[in-house]
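All remarks here apply to the structure that follows.
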Amino acid sequence: MDALLLARIQFAANISFHILFPAITIALGWVLLFFKLRFNATRDEKWMDAYRFWVKVFALSFALGVVSGITMSFQFGTNWPGFMERVGNIAGPLLAYEVLTAFFLEATFVAIMLFGLHRVPGWLHTLSTFLVAAGTTMSAFWIRVLNSWMHTPAGFELRDGVAHATDWLAIIFNPSMPYRLAHMLAASGLTVAFLLAGLSAWRWLRGDCAPGVQAALRTGVVMAAVLAPTQLVLGDMHGLNTLEHQPVKVAAMEGNWETRGHVPLLLFAVPDEAARQNRFEIGIPSGASLILRHHAEGVVPGLNDFVGEHPPVAPVFFAFRIMVGIGVLMIVMGLAGAFFLWRRGALPRPLLRGLVAMTFSGWVATLAGWYTTEIGRQPWLVHGVLTTAEAAGPVPAASIGTTLAMYLVLYAVLLAAYVATLYRLAARGRMLPEAAPAARVPAE
Amino acid sequence: MTPFLPPEWLPLVFAGLMAAAILAYVVLDGFDLGVGILLPGAAGEAERDRMVAAIGPFWDANETWLVLGVGLLLVAFPAAHGMVLTELYLPVALMLIALTFRGVAFEFRAKAADARGKRRWDAAFFGGSLLAALSQGWMLGRYVLGFDPSPAAQGFAAMCAAGLAIAYVFIGAAWLVWRTEGALQRRAIGWARAAIWPMGLGILLVSAVTPLVSERIFRRWFDVPEVLLLAPLPLATAALLFGIAALLRHMPLPGDALRRVPFWGAVGLFCLFFAGLAWSFFPYVVPERLTIWEAASAPESLTIILLGALFVLPVILAYTVVAWRVFGGKAKALTYH
Numbered sequence: 013m014d015a016l017l018l019a020r021i022q023f024a025a026n027i028s029f030h031i032l033f034p035a036i037t038i039a040l041g042w043v044l045l046f047f048k049l050r051f052n053a054t055r056d057e058k059w060m061d062a063y064r065f066w067v068k069v070f071a072l073s074f075a076l077g078v079v080s081g082i083t084m085s086f087q088f089g090t091n092w093p094g095f096m097e098r099v100g101n102i103a104g105p106l107l108a109y110e111v112l113t114a115f116f117l118e119a120t121f122v123a124i125m126l127f128g129l130h131r132v133p134g135w136l137h138t139l140s141t142f143l144v145a146a147g148t149t150m151s152a153f154w155i156r157v158l159n160s161w162m163h164t165p166a167g168f169e170l171r172d173g174v175a176h177a178t179d180w181l182a183i184i185f186n187p188s189m190p191y192r193l194a195h196m197l198a199a200s201g202l203t204v205a206f207l208l209a210g211l212s213a214w215r216w217l218r219g220d221c222a223p224g225v226q227a228a229l230r231t232g233v234v235m236a237a238v239l240a241p242t243q244l245v246l247g248d249m250h251g252l253n254t255l256e257h258q259p260v261k262v263a264a265m266e267g268n269w270e271t272r273g274h275v276p277l278l279l280f281a282v283p284d285e286a287a288r289q290n291r292f293e294i295g296i297p298s299g300a301s302l303i304l305r306h307h308a309e310g311v312v313p314g315l316n317d318f319v320g321e322h323p324p325v326a327p328v329f330f331a332f333r334i335m336v337g338i339g340v341l342m343i344v345m346g347l348a349g350a351f352f353l354w355r356r357g358a359l360p361r362p363l364l365r366g367l368v369a370m371t372f373s374g375w376v377a378t379l380a381g382w383y384t385t386e387i388g389r390q391p392w393l394v395h396g397v398l399t400t401a402e403a404a405g406p407v408p409a410a411s412i413g414t415t416l417a418m419y420l421v422l423y424a425v426l427l428a429a430y431v432a433t434l435y436r437l438a439a440r441g442r443m444l445p446e447a448a449p450a451a452r453v454p455a456e
Numbered sequence: 063m064t065p066f067l068p069p070e071w072l073p074l075v076f077a078g079l080m081a082a083a084i085l086a087y088v089v090l091d092g093f094d095l096g097v098g099i100l101l102p103g104a105a106g107e108a109e110r111d112r113m114v115a116a117i118g119p120f121w122d123a124n125e126t127w128l129v130l131g132v133g134l135l136l137v138a139f140p141a142a143h144g145m146v147l148t149e150l151y152l153p154v155a156l157m158l159i160a161l162t163f164r165g166v167a168f169e170f171r172a173k174a175a176d177a178r179g180k181r182r183w184d185a186a187f188f189g190g191s192l193l194a195a196l197s198q199g200w201m202l203g204r205y206v207l208g209f210d211p212s213p214a215a216q217g218f219a220a221m222c223a224a225g226l227a228i229a230y231v232f233i234g235a236a237w238l239v240w241r242t243e244g245a246l247q248r249r250a251i252g253w254a255r256a257a258i259w260p261m262g263l264g265i266l267l268v269s270a271v272t273p274l275v276s277e278r279i280f281r282r283w284f285d286v287p288e289v290l291l292l293a294p295l296p297l298a299t300a301a302l303l304f305g306i307a308a309l310l311r312h313m314p315l316p317g318d319a320l321r322r323v324p325f326w327g328a329v330g331l332f333c334l335f336f337a338g339l340a341w342s343f344f345p346y347v348v349p350e351r352l353t354i355w356e357a358a359s360a361p362e363s364l365t366i367i368l369l370g371a372l373f374v375l376p377v378i379l380a381y382t383v384v385a386w387r388v389f390g391g392k393a394k395a396l397t398y399h
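Going down the list, the protein sequences come from chains A and B.
Just so we're aligned, residue 13 is where the first sequence starts under my numbering, counting upward by one.
Just so we're aligned, residue 63 is where the second sequence starts under my numbering, counting upward by one.
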């Protein structure tokens, strides 16, 4: 394999591993603040029980996010020196603001949040929890600003091939930023909603029906019921924004080879890039035209307009379908869960099992979404400004391959240890063991 | 955006900020890594727990200075960043993997299923700390000699690797002298005594080699009047080394007096050594190849970062002080509740 492809795989491996943990900590920080505030308001111990369990999950996820984030901060220079040479004037300040406004904040106050409960006054502990949640969200904001700018660059001019900032507000509020940020924050919310619900449902099915478990289960289900439909709307808006600014990506997502009207919404197909057509198509007639143009004759851009400069079609096509498929499942599970809580005050066992199965579904959907949008940007690194190949460095393929193998082993070990630790915490963390499981239902 | 500083000043300011961030990292994560390297020397699980508790609330913020340091290199001197990080590709990757093991071990060891699992994560903690220290020292050695590929230069890098690891052991031991008590504190005093002279030798070695790197650096140290103006650097280093060594021979003192002194003395030594290096290499950001002015980003981008840094850095320092006060004094058992 050549150095460029290896560098891409390595970067993708690192950022994929990294995003798993911010996807949890961004929203879990706010959930912990919610537990803490509920406890402050009601003095009901169940909220503190839920807090004490989930803060351990937060601590573990946060540590993994920090160490993998440090790797990311080096990967720009080691794998893509051309990126910083060409667009460093834009990317640099955005990354610097992330470190200054977010990293130190969360790194410092997470210590007080985790270990300071009995060392600081209650208000300072609550404030620390808030600052950690705000820090993780701020970090997401700056990263989304930079990532969006790479898709829809604005507010700059090229001098001798190097980007110079002309308008920082246009850079920060670039055309796709609000959509990407909202989509990612909702994705984090859904990842946490199903983690809360899934792990709590697992404990419930094992007979651990303490009030703290119920509180987390209900919180997760309600979050899913609210956020999953919201994400559908946000995703649609994001898609329309992409259609406007990166039509080639939408063409790949829809597997649409010809620019035309009456484009079907493909539920399944196998894109064949050599023959420039799909095999085994199953679709809803005019569906894509309806979604993207709001009428059946709507013309949807096709890959024929971008021959030789469009992304690989199959990965974008399939990743998009995996993301949407999980999103639809999330809506069904969230609404069903909310319905049963509302009408019966309890969740039936099959639904609990379904929630257990979907514990990590947020991770899969988040990664699939990232692959859709990032592979969909290829061959560009910064759309229309810099190609990925131009940004690669002089490091020999052997070095990249060796370190890639090391990273992959490392990540496999850590991921296994992480998931095993979550279930071990859940298995031994029985809350209020005196509570008789049979006497309780998962309701208030 | 109009720069509020003359443009030629901006690279200077950023070189200063970057140097400060790297120095802060070396001092702060230095003691974390040192404690990690010392972990196998503890007598039993309770002592290991106490050693980890002595750095548990600090390591995360400490490590963030590395991100700021390399981040400033990235944003302010992108050309140098690419050159340095591609030259140091393998040691950087090793350091990152080592720091990953070290960082997650804090959490995993506390949540391990049984004593065996915990010992395994303790091994990861020790191994990660040692490998991170060695690879940082290796990078220092490669950097000082301008990435010279000759075997002699590699040998020098290997010595720097050992030297920095020992320096971290010293500052880690000094931290434990301050933050622990009883048998563990006495053990830490012993570690500090054992590490101080090997560290002194390492300082001497790097200081002796650096002026030989180029005639420019040699003249910078040994021309008159520089040699007189710079004399306080080696003299103060020697005075600190002998002073701390003498103090350590008499510790622990009644009432735990002067318990902070070895640590702050170590900080002083790190600062003096760093100042010497900075004096040697200024104004080069890649030794003898690229100056800070050649490598700097566009002034308008540096200005916008500087504006943010001027507002935010004082806030960061303020809440760092708050955290140090909250977790001041002798280390206690770390629990979530």
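Glycine included, every Cβ here is placed at the ideal spot set by N, Cα and C.
Check your understanding: Looking at I82/A and V129/B, is the spacing between their C-beta atoms short of 9 angstroms?
Key -> yes
Review point. Nearest chain B C-beta to L255/A closer than 9 angstroms, yes or no?
Key: no
**Study point:** Where M162/A meets chain B, residues with beta-carbon distance less than 7 angstroms
**Key:** Result: empty, since nearest Cβ-Cβ is about 16 angstroms, beyond 7 angstroms.
Exercise for review: On the DSSP bridge assignment, give the partners of Q289/A in chain order.
Suggested key: D284/A
**Study point:** For V234/A, the three-state DSSP class (helix, strand or coil)
**Key:** helix
Practice item. Compare the C-alpha of M221/B against each of I233/B, L207/B and G234/B and name the closest. Key: L207/B
**Study point:** Other residues of its chain near T178/A: CB distance less than 7 angstroms, five sequence neighbours each side excluded
**Key:** G167, F168 and E169
Exercise for review: Mind listing, in chain order, the continuous beta strand (DSSP E) runs of no fewer than 3 residues lying wholly within the stretch 290-351 of chain B?
Suggested key: 346-348
Check your understanding: For G267/A, which residues of its own chain have a beta-carbon under 7 angstroms away from its beta-carbon, when the five flanking residues on both sides are left out?
Key -> L278, A281, P283, N290, V325 and F329
Check your understanding: Within 9 angstroms (strictly less), CB to CB, does T242/B reach chain A?
Key -> no
Exercise for review: Along the beta strand (DSSP E) that carries R171/A, what are the first and last residues, could you check?
Suggested key: F168 to R171
Check your understanding: W135/A: buried (16+ other C-beta within 10 angstroms of its C-beta) or exposed?
Key -> exposed
Check your understanding: So, using beta-carbon positions, are A19/A and G366/A closer together than 9 angstroms?
Key -> no
Review point. First and last residue of the beta strand (DSSP E) that includes A177/A?
Key: V174 to A177
Review point. If you check the beta carbons only, do G388/A and P323/A fall under 9 angstroms apart?
Key: yes
Exercise for review: Within the stretch 65-99 of chain A, note down every full alpha helix (DSSP H) run reaching 4 residues or more, in order along the chain.
Suggested key: none
Point to revise | Coarse secondary structure for L17/A, derived from DSSP in three states | key: helix
**Study point:** Proximity test, L229/A beta-carbon vs the ligand SAM heavy atom, cut-off 8 angstroms
**Key:** The ligand content of the structure shown is nil, which means the ligand SAM is not present either.
**Study point:** Endpoints, beta strand (DSSP E) assigned at L393/A
**Key:** W392 to V394
Practice item. Use the C-beta contact count for K48/A: other C-beta atoms within 10 angstroms, 16 or more gives buried, fewer gives exposed. Key: buried
Review point. Does any CB atom of chain A fall closer than 9 angstroms to the CB of S359/B?
Key: yes
Point to revise | Span of the alpha helix (DSSP H) around G391/B | key: Element bounds for G391/B: n/a, residue is neither H nor E.
Point to revise | Beta carbon proximity, H312/B to chain A, threshold 9 angstroms | key: no
Review point. Just curious, the alpha helix (DSSP H) that K180/B is in, first and last residue?
Key: A177 to V206
Exercise for review: Would you please verify whether the beta carbon of E266/A is less than 9 angstroms from any beta carbon of chain B?
Suggested key: no
Exercise for review: Going by CA-CA distance only, name the one from A155/B, Y151/B, T148/B and F139/B that's closest to V12/A.
Suggested key: With chain A running from 13 to 456 in the structure shown, residue 12/A is simply not present.
Check your understanding: Does the distance from the C-beta atom of F121/A to that of Y381/B stay below 9 angstroms?
Key -> yes
Exercise for review: Tell me, to the nearest whole angstrom, how far the beta carbon of S151/A is from that of R192/A; I am working on the premise that it is less than 8 angstroms.
Suggested key: Not a contact, Cβ separation roughly 14 angstroms.
Review point. Who are the Cβ neighbours of S250/A in its own chain at under 6 angstroms, not counting the five residues just before and after it?
Key: The sequence given here places His at residue 250/A; Ser does not occur at that position. Counting only Cβ-Cβ distances below 6 angstroms, and skipping sequence neighbours, we find Y191 and H195.
Review point. Where DSSP assigns a beta bridge to R272/A, which residues make up the other side?
Key: V312/A
Practice item. Report the option in V132/B, K180/B and P324/B whose CA atom is closest to the CA atom of A229/B. Key: P324/B
Point to revise | G295/A - DSSP class collapsed to helix/strand/coil | key: strand
Check your understanding: What number of angstroms, rounded off, separates the C-alpha of V239/B from the C-alpha of F168/B?
Key -> 21 angstroms
Exercise for review: Inspect the beta-carbon positions of A240/A and M342/A and report whether they are closer than 9 angstroms.
Suggested key: yes
Practice item. Can you tell me which of E350/B, K392/B, I366/B and I233/B puts its alpha carbon nearest to the alpha carbon of L310/B? Key: I233/B
Check your understanding: With 16 as the cutoff for other CB atoms within 10 Å, does L193/B come out buried or exposed?
Key -> buried
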